[in-house]
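Going by full-length UniProt numbering, the first residue of the sequence shown is number 1, and it counts up by one from there.
Ideal Cβ positions, reconstructed from N, Cα and C, are used throughout, including at glycine.
Worksheet for the structure shown next.
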Amino acid sequence: MDMLDIVRWQFGITTVYHFLFVPITIGLTAIVAGYETAWVRTRDVRWLRLTKFFGKLLLINFAIGVVTGIVQEFQFGMNWSDYSRFVGDVFGAPLAIEGLAAFFLESTFLGLWIFGWDRLPAKLHAACMWIVHLGTLLSAYFILAANSFMQNPVGFAYNPDTGRAEMNDFAAVMFNKVQLVTFPHTVLAAYMTAAAFVVGVVFWQLRRAGADEERSMYRSAVRTGAAIVLVTGIAVAVSGDFQGKIMTEVQPMKMAAAEALYDTEAPADFSVFTIGTPDGKTEKFAIKLPGVLSYLATGTTDGEVRGINDLRAEYVETYGADPGATYYSPDGYTPMIPVTYWSFRLMIGLGMLGAAIAAWVLLATRKGRTPGGRLLTVAVLTLPLMPLFANSFGWIFTEMGRQPWAVFGLMTTAQATSPSVSATEALISLVTLTLLYGVLMVIELKLLFTYIHRGADPIHTDDLPPAQPDGDVDRPLAFAY
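This is how it looks when you write it as structure tokens:
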């Protein structure tokens, strides 16, 4: 592999790994805040136990997510210095706001929440977690604004003297049409992912629970979590439909690559499953839904969807000679079709399967029942992986479908690398970070399984935190509280 291949693999590995933690963190902050709010309003000890239980799991996930996220910023200077130089003026504002405002908001109020038990009024303590959740949303918004610029560059002017894109309209960058559909889609997917995590964890505890009080608590958590998965799953599908139409408008090649559609069609069918040649050019067998691709792209079942061949010819005319000969693909302006085709379907399929399992759980647990079927148990215990992997495949499709562009229409990925970094240096960095992330994954899973196995700690009436703090009392600090 040459240097470009290595740094692309490194960025892909570290980014997908980091994004395993992001949706769970965003969603869990809302769920934990909701549990604590229910506790404050009802004084039902079940909600307090769930708050503290999932609060611990949130903190584990948050800590590992922060560590893995730091590497993302360093990579821009390490391996992508030409890219950083080109877009630095545009990226500087949203990423600086994300770091100085959103992340500080999260970390400050998370600290107050961790150490504020029995020291802050109950309502104020619950409000701290809601503010943490707000911080995660702001953080996601600013990061997605930067990414949306890569998909649809707006609000800038090219300075030929410096060779840089310079921001001239902050509002245009913040309210990019791609951003306005990507943000709700991503956040709703995060809620779905976190709720699926909750369902998997508490369903296992429900199967183990002996006392009626324990079963009642875990059954309530299973049902609320499954309801969130189902509702957000539907909302993700709706928001994804809007996103697909905007994607077709600004990046028609990405939609064509999602279907491996080489020739323009009207109407265009959507293939649920296809067997073809390894390069994705020739179809051997396919199961198709008539007109569905036209609807996804245009909103009508007979709309025209432009094919790869026509778009490639247009790009050659607009942007110049096809970079395929010097890039990673013989097709150049065409993304890697097998990757875009299958990542698009795995994203949709896993999301739909997760929502279907959630509906099954709601039916199986109605009227106070505790289901015990082996098939349902296996399905629910694997449920957390479905929206989690759907998120990952969605981002793989989003980024791979934009290739060969780092910034669409302005800079190719091959032009974005650091010219002073050798293939050997990049390989050492790749191996080191991959091994480090492997160690972090072992630590993450060990901590999660340990605290999941313990379940929600019992809380006696005498141990309940008061509605108001009882003065300035020094108490020993313990994990999470």
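Distance CB(residue i)-CB(residue j) smaller than 8 Å
i           : j      : result
Ala219      : Thr370 : The sequence given here has Arg at residue 219, not Ala. Contact: yes.
Met192      : Val250 : no
Phe54       : Ile31  : yes
Gln10       : Ala426 : yes
Val173      : Val90  : yes
Leu289      : Asp302 : no
residue 482 : Ile246 : Beyond the ends of the chain as shown, which are 1 and 481, falls residue 482; an answer cannot be given.
Leu410      : Ala102 : no
Val199      : Leu28  : no
Ile64       : Phe21  : yes
Arg215      : Ala256 : no
Ala189      : Gly225 : no
Thr78       : Ser422 : Strictly speaking, residue 78 in this sequence is Met, with Thr absent from that position. No, these two residues do not count as a Cβ contact at 8 Å.
Leu100      : Ala146 : no
Thr334      : Ile308 : yes
For residue i, three-class secondary structure by DSSP
i      : result
Arg345 : helix
Tyr319 : helix
Ser81  : helix
Leu58  : helix
Val292 : helix
Met1   : coil
Phe270 : strand
Val231 : helix
Val421 : coil
Met336 : coil
Ile70  : helix
Ile443 : helix
Ile459 : coil
Thr365 : coil
Val154 : coil
Gly372 : coil
Arg119 : coil
Asn176 : coil
Pro252 : helix
Assigned exposure category for residue i - 16 Cβ within 10 Å defines buried
i      : result
Gly373 : exposed
His18  : buried
Ile6   : buried
Asn168 : exposed
Ala325 : Because the pLDDT at Ala325 is just 44, under 50, the model does not fix this residue reliably, and the value given afterwards should be weighed accordingly. Label assigned to Ala325: exposed.
Met1   : exposed
Ser343 : buried
Gly368 : exposed
Asn49  : Note on identity: in this sequence residue 49 is Arg, with Asn being the wrong assignment. Looking at its Cβ environment, which holds 16 or more other Cβ atoms inside 10 Å, Arg49 is buried.
Leu375 : exposed
Lys446 : exposed
Gly111 : exposed
Glu213 : exposed
Gly92  : exposed
Ser420 : exposed
Gly163 : exposed
Thr248 : buried
Val187 : buried
Arg208 : exposed
Val238 : exposed
Pro330 : The predicted position of Pro330 is uncertain, since its pLDDT is 47 and thus under 50; a value taken from the coordinates is nonetheless stated next. It counts as exposed.
Val236 : buried
Per DSSP, cross-strand counterpart(s) of residue i
i      : result
Val305 : Glu265
Leu159 : Rather than Leu, the amino acid found at residue 159 in this sequence is Asn. BP columns for Asn159 point to Arg164.
Met129 : According to DSSP, Met129 bridges with nothing at all.
Trp405 : Thr412
Ile143 : Per DSSP, none; premise fails for Ile143.
Ile26  : Ile26 is not bridged to any residue.
*Hey, is the segment 155–169 in contact with the segment 134–143, meaning 3+ C-beta pairs nearer than 8 Å?*
no
*Count the C-beta pairs between the segment 226–245 and the segment 127–141 that are closer than 8 Å, then say yes if the count reaches three, no if not.*
no
*Are there three or more Cβ pairs, one per stretch, closer than 8 Å when the segment 288–296 is compared with the segment 256–269?*
yes
*Is there contact between the segment 438–448 and the segment 62–72, where contact requires at least three CB pairs shorter than 8 Å?*
yes
*Is it a yes or a no for the segment 118–126 touching the segment 444–458, going by three-plus beta-carbon pairs under 8 Å?*
no
*Pair every Cβ in the segment 357–366 with every Cβ in the segment 224–238, then say whether three or more of these pairs are closer than 8 Å.*
yes
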